[in-house]
């Protein structure tokens, strides 16, 4: 049995993923960090910060859209950490494009990373969670999966898919002590979020639409995610939580 709770966070080199990983480290978790190989430098910096907190952290470079990669990372994490307590599927991409001109390969790439990637990482860890009769699965979706925006139909579809998937999985694994929940960030100032914020007028419009009258920071998503990773949420499953400062009220 590991001394500390353990977590595996995908897409953890920057933005929301890095904030979640650091937030879990600050709460006493040992954290496995995933991202693609080109992000190794930034991922290493996140690991160093977690280690400076006194927690264990290791890197797992791989593409979540590839089943063999997910299986390999899952096996290596379990060998390194002994157990998996919380899995946070955060890895995601956004390639904007209108439906009528959207290349098939772009649709496939976005769905493969955002939806299928979470599915395959869950498959990699679910057997050991079921054997222990314990697990916390948190899928980072988006308010875009509820309402969406022009030129993001494929992104919206991927996030809606992971919410529907999570509701069903929660029913399948609930009797085994495993919870499955979604966090739906709103307009967050990240490298990917800048797609919605490059135009000052658009940024101001989003601020005006938000009850709290500001754009979110990655750290705003870390606390709600940590809640779903913890035993404080032991009787909460199959839910989607908007973390958007007050844009979507459903």
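In UniProt numbering, the protein residues as written are 1 to 250. Where is the CB? At the ideal position from N, CA and C, for every residue including glycine.
Close Cβ partners of residue 169 (< 6 Å) along its chain, the five nearest in sequence each way excluded = Only residues of its own chain outside the window of five on either side were considered, and among them 180 have a CB closer than 6 Å to the CB of residue 169, listed in chain order.
Could you round the C-beta distance between residue 11 and residue 92 to whole angstroms and report it? I think they count as a contact, below 8 Å.
-> Contact holds; Cβ gap of about 6 Å.
Would you call the CB atoms of residue 46 and residue 7 closer than 8 Å?
-> The Cβ atoms of residue 46 and residue 7 do not sit closer than 8 Å to each other.
Once you ignore the five residues that flank residue 75 on each side, which residues in its own chain have a CB closer than 8 Å to its CB?
-> Answer for residue 75: 124, listed in chain order.
Status (buried if at least 16 other CB within 10 Å, exposed otherwise) for residue 40 = Answer is exposed; the Cβ neighbour count stays below 16.
Residue interval of the beta strand (DSSP E) (run including residue 241) = Boundaries of the beta strand (DSSP E) harbouring residue 241: 240-243, taken from the DSSP string.
Below 6 Å CB to CB, which residues in the same chain sit around residue 130 once its five sequence neighbours on both sides are set aside?
-> Same-chain partners within the cutoff: 176.
Proximity to residue 120 [Cα-Cα], best of 71, 128, 109 and 140 = Check the Cα spacing between residue 120 and each of 71, 128, 109 and 140: the tightest is with 71.
Just grab the DSSP bridge partners of residue 182 for me.
-> Residue 182 is bridged to 139 and 240.
Grab the span of the alpha helix (DSSP H) containing residue 155 for me, first residue to last.
-> Segment 153-173, the alpha helix (DSSP H) holding residue 155.
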